[in-house]
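Chains as they are written, first to last, in my numbering: chain A, 1 to 113; chain B, 114 to 225.
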């Protein structure tokens, strides 16, 4: 039973560029949440996708957008990258939107130079 | 404002010793509280989840307690091992479909 998987593992981008991160949820899960974790901080909620729609959104600008596919996998897109976007991006999956059992992926380390 | 505060910020202990990490929260209405272990650069892994009616839950050498009246929780680690070195994050969920509220974590270092 595969857990939550994310790709790529590491990524280096330049300011102003765009990036796409990918997440496959744990088998049986239909909801995907994305988090940004700066060094030494707790994860910050970006948004949650369920039934291919964004259901909730944290305090992040419109440069952050996402998508969920019919197979429940998800993408996080960030446009016009800033140095401050450098962080570990975590994907978590669950069944339904009540967040009771969220399983996290290993994360994608994004470095913006 | 929903918040989760953890203490201490960091902790160094000798291998084999016990330690206790603290979590205070102001999340309301409360649904459940969970402790995660996060190795550096990796995703968090769930240790325990407790609902309002549970005041203690164990997972091997990890024991979490919850006092919903004072809105406090603790995570006790017994007979620490080098592999326990990690960040421990307290996360609180409010009732309804609302985002989880994360603490900043306690960075634990176990040394030989």
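For each residue, glycine too, the CB sits at the ideal point set by N, CA and C.
Which residues share a DSSP beta bridge with residue 202(B)? Locating residue 202(B) in the second chain gives position 89, counting from the first residue. Per DSSP, 149(B).
Segment contact, 8 Å Cβ cut-off, at least three pairs: the segment 45–52 of chain A with the segment 142–156 of chain B: no
Straight-line gap, residue 203(B) to residue 214(B) (C-alpha atoms, nearest Å): Within the second chain, numbered from 1, the residue matching residue 203(B) stands at position 90. Within the second chain, numbered from 1, the residue matching residue 214(B) stands at position 101. Between residue 203(B) and residue 214(B), the C-alpha separation is close to 9 Å.
What did DSSP end up calling residue 84(A) once you bin it into helix, strand or coil? Numbered from its first residue, the first chain carries residue 84(A) at position 84. In the structure shown, residue 84(A) sits in a helix (DSSP, three-state: H, G or I).
Euclidean distance between Cα positions of residue 24(A) and residue 102(A): As a first step, residue 24(A) must be located in the first chain, where it is residue number 24. As a first step, residue 102(A) must be located in the first chain, where it is residue number 102. Each residue's alpha carbon lies about 13 Å from the other.
Might you give, ordered along the chain, the residues of its own chain that have their beta carbon closer than 7 Å to the beta carbon of residue 50(A), omitting 5 neighbours on each side? Position 50 of the first chain, counted from the start, is the residue given in the question as residue 50(A). Closer than 7 Å at Cβ, skipping near neighbours: 30, 31, 97.
Chain-ordered chain A contacts of residue 218(B) [CB-CB under 7 Å]: Position 105 of the second chain holds residue 218(B). In chain order: 42.
Would you report the Cα separation of residue 123(B) and residue 79(A), rounded to the nearest angstrom? In the second chain, the residue the question calls residue 123(B) occupies position 10. In the first chain, the residue the question calls residue 79(A) occupies position 79. So the two alpha carbons sit approximately 35 Å from each other.
Report the residues of the segment 138–162 of chain B with a CB closer than 9 Å to any CB of chain A, ordered along the chain. 144, 145, 147, 149, 151, 154, 155, 156, 157, 158, 159, 162
Relative to the alpha-carbon of residue 150(B), which residue among 169(B), 162(B), 225(B), 137(B) has its alpha-carbon at the smallest distance? As a working mapping, residue 150(B) is identified with position 37 in the second chain. Cα-wise, what sits closest to residue 150(B) is 162(B).
Short check: CB of residue 133(B) to CB of residue 187(B), under 7 Å? On the second chain, position 20 is the one that residue 133(B) refers to. On the second chain, position 74 is the one that residue 187(B) refers to. Result yes, Cβ atoms of residue 133(B) and residue 187(B) sit closer than 7 Å.
Residue 191(B) versus residue 104(A): straight-line alpha-carbon distance, rounded: Here residue 191(B) corresponds to residue number 78 of the second chain, with the count starting at 1. Here residue 104(A) corresponds to residue number 104 of the first chain, with the count starting at 1. Each residue's alpha carbon lies about 25 Å from the other.
Would you call the CB atoms of residue 87(A) and residue 36(A) closer than 7 Å? For this step, residue 87(A) is matched to residue 87 along the first chain. For this step, residue 36(A) is matched to residue 36 along the first chain. Contact flag set, yes.
Continuous beta strand (DSSP E) stretch holding residue 66(A): start and end: Taking the first residue of the first chain as 1, we reach residue 66(A) at position 66. Element bounds for residue 66(A): 64–68.
Go ahead and label residue 38(A) buried or exposed: buried means 16 or more other beta carbons lie within 10 angstroms of its beta carbon, across all protein chains shown. Translated into the one-based positions of the first chain, residue 38(A) becomes position 38. The residue in question, residue 38(A), is exposed, as its Cβ has fewer than 16 Cβ neighbours within 10 Å.
What residues in the segment 55–67 of chain A bring their beta carbon closer than 8 Å to a beta carbon of chain B? 55, 56, 58
Check whether the Cβ of residue 212(B) lies closer than 7 Å to any Cβ atom in chain A. For the purposes of this step, residue 212(B) is identified with residue 99 of the second chain, where counting begins at 1. Yes - at least one Cβ of chain A is within 7 Å of the one on residue 212(B).
Taking CB distances under 7 Å as the criterion, tell me whether residue 202(B) reaches chain A. In the second chain, counting from the first residue as 1, residue 202(B) sits at position 89. Yes - at least one Cβ of chain A is within 7 Å of the one on residue 202(B).
Between which two residues does the beta strand (DSSP E) carrying residue 45(A) extend? Position 45 of the first chain, counted from the first residue, corresponds to residue 45(A). Here the beta strand (DSSP E) through residue 45(A) covers 44–50.
Assigned secondary structure, residue 195(B) (DSSP; H/G/I helix, E/B strand, else coil): Position 82 of the second chain holds residue 195(B). Three-state DSSP puts residue 195(B) in a helix.
With a threshold of 7 Å between beta-carbons, can residue 110(A) be considered close to chain B, or not? On the first chain, residue 110(A) is found 110 positions in, with the first residue counted as 1. No, its Cβ sits nowhere closer than 7 Å to a Cβ of chain B.
Flag this pair as yes or no: are the beta carbons of residue 137(B) and residue 167(B) separated by less than 7 Å? Locating residue 137(B) in the second chain gives position 24, where the first residue counts as 1. Locating residue 167(B) in the second chain gives position 54, where the first residue counts as 1. Contact: no.
Can you give me the start and stop residues for the beta strand (DSSP E) that residue 22(A) sits inside? By 1-based counting over the first chain, the position of residue 22(A) is 22. Taken as a continuous stretch (DSSP letters only), the beta strand (DSSP E) holding residue 22(A) covers 19–24.
Who are the near neighbours of residue 171(B) in its chain, counting only those whose CB is closer than 8 Å to its CB and skipping five residues on each side? Reading the second chain from its first residue, position 58 is the one you call residue 171(B). Excluding positions up to five away in sequence, the list reads 161, 177.
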